[in-house]
Structure formats: C-alpha cells, structure tokens
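Chemist:
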Amino acid sequence: MHMGGRLVHRITPEDVGRRVSVRTTLPGGGFTDVVGVVESWDGGVITVRRRDGSAVEVEESAVAASRVVPPVPPRRRGGPPPGTA
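The following block contains the structure:
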C-alpha cells in the first residue's frame, strides 16, 4: 500500500542559518534530498552546507519540497543507549 503525501516547499530566505531538508527534482525524473544548513539564498540559488562540510547549490526552481528540521543532536559518549538504563 502506498501512502502518497503532498510535497510542500516551506523554507524561505529568512531561514538562512537554519538546518533544512530540501527535496529537488532530477532532470531525468525522480527526486534527491539535501540536508544541511542554508548558507545563502541569492538570485534563485540556495546554498546548503552538509554535515560533511560540502556545499550544494540548489536552483530554487528545482525545489519540490522543503522544511526546517531540528539541529543534529550531540553525540553521546559511553553509557547505555537511551531508555535502557
């Protein structure tokens, strides 16, 4: 069973500096996702910095869906996994 959803573009230039998920259309069909922090939004191009440090430029016209997402949680060191203590 396939539960389809509506694609909604929710980020704006005011979201520069926030972590986002952006789904873009591919030239041959289909989609690809980019998750990272919006570094700039200029001239219809959104620059997103991924966690690995790479930057991806996305044409605003190719955005199929987007949203602000929570920051990456800090890594835990040692101890049992959450909820097992």
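Positions 4 to 88 (the working numbering) are the ones given, in order, by the sequence shown. Ideal placement from N, C-alpha and C gives every residue a C-beta, glycine not left out.
1. Using a Cβ-Cβ cut-off of 8 Å (strictly less than) and excluding sequence neighbours within five positions of Leu10, which residues of its own chain qualify?
2. When DSSP labels each residue in this structure, what does His5 get in the three-state scheme?
3. Taking its Cβ as the centre, do 16 or more other Cβ atoms sit within 10 Å of Ile14, making it buried, or is it exposed?
4. For Gly46, count neighbouring Cβ atoms within 10 angstroms of its own Cβ and tell me buried if that reaches 16, exposed if not.
5. From which residue to which residue does the beta strand (DSSP E) around Val38 run?
Modeler: Per the coordinate set shown:
1. Arg26, Ala67 and Ala68
2. For His5, the pLDDT reaches just 46, beneath the cut-off of 50, and the residue's location in the model is therefore unreliable, leaving the point undetermined.
3. buried
4. exposed
5. Phe34 to Asp45 is the span of the beta strand (DSSP E), which, as asked, contains Val38.
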